[in-house]
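When the sequence shown is numbered by the working numbering, its final residue is 193 and no position is left out of the sequence of numbers.
Every residue gets a Cβ at the ideal spot worked out from N, C-alpha and C, and that includes glycine.
A quick note: this is a predicted structure, and the numbers were derived from the prediction, not measured.
Presented below is the structure to which this report refers.
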Amino acid sequence: MASPTPPPPPWLQAAREQWVWRGQARPAFASDPGPGQTSVWDFPRPPRLAPESREVRIVWGGVPVACSTRAVRVLETAHPPTYYIPWSDVARHLLRPAPGGSFCEWKGPARYWSLVDDDRKLPAHAWSYPQPMAGAEVLAECVAFYARGLACSVGGLPATPQPGGFYGGWVTPDLAGPFKGEAGSETW
6 MASPTPPPPP WLQAAREQWV WRGQARPAFA SDPGPGQTSV WDFPRPPRLA
56 PESREVRIVW GGVPVACSTR AVRVLETAHP PTYYIPWSDV ARHLLRPAPG
106 GSFCEWKGPA RYWSLVDDDR KLPAHAWSYP QPMAGAEVLA ECVAFYARGL
156 ACSVGGLPAT PQPGGFYGGW VTPDLAGPFK GEAGSETW
């Protein structure tokens, strides 16, 4: 019998508890989803990791970066999905380690990657979780990309970057917001 997972340290628990919205109810300022749309306010916190069988495609100035029908979608309250693509479906020769890192209270420490193709470079434009926390283990063999500066699509739907610059979600026409990162979203 496996021993129970110990509770998270107090600093991590405090980071997780800061979130008011957890997907149980939409706030009054949330947009009503239209036909064929899903509200990002219905996504849970902690985030749900779900398989994505639609084709996820990334092209950089005509150069294919990734194409997969085996991506993992991270669905988190107020955020458009972030797509994690298996390394085996990525043109890995285009990625170089980038300095810096970050920490997600749900996924763990992130490592950053730059896209490099001859003289072109997009610094710190992708990230991975080589040693994810419990519950996010499926991300260990995947990488995610910021949509800005790339032609990204999900199931043929064009994807644009999540507002705000820091967050890595992809906004597609089948989503209703508002989205974390927009002006005024600092408190939620």
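- In the three-state reduction of the DSSP assignment, S44 falls in the strand class, which pools E and B.
- Taking all protein chains shown into account, F171 has fewer than 16 neighbouring C-beta atoms within 10 Å of its C-beta and is therefore exposed.
- By the 16-neighbour rule on beta-carbons within 10 angstroms, P15 is exposed.
- Per DSSP, P56 is one residue of the beta strand (DSSP E) stretching across 53-57.
- In the three-state scheme derived from DSSP, where H, G and I count as helix and E and B as strand, T192 is classed as helix.
- For G154, the closest of P51, F48, P163 by C-alpha to C-alpha distance is P163.
- The beta carbon of V64 sits closer than 6 Å to those of A156, all from its chain and outside the five residues before and after it, given in chain order.
- Rounded to whole angstroms, Y89 and A33 show a C-alpha spacing of 31 Å.
- Contiguous beta strand (DSSP E) elements confined to the segment 127-183 occur at 147-150, 156-159, 162-166, taking only those with 3 or more residues.
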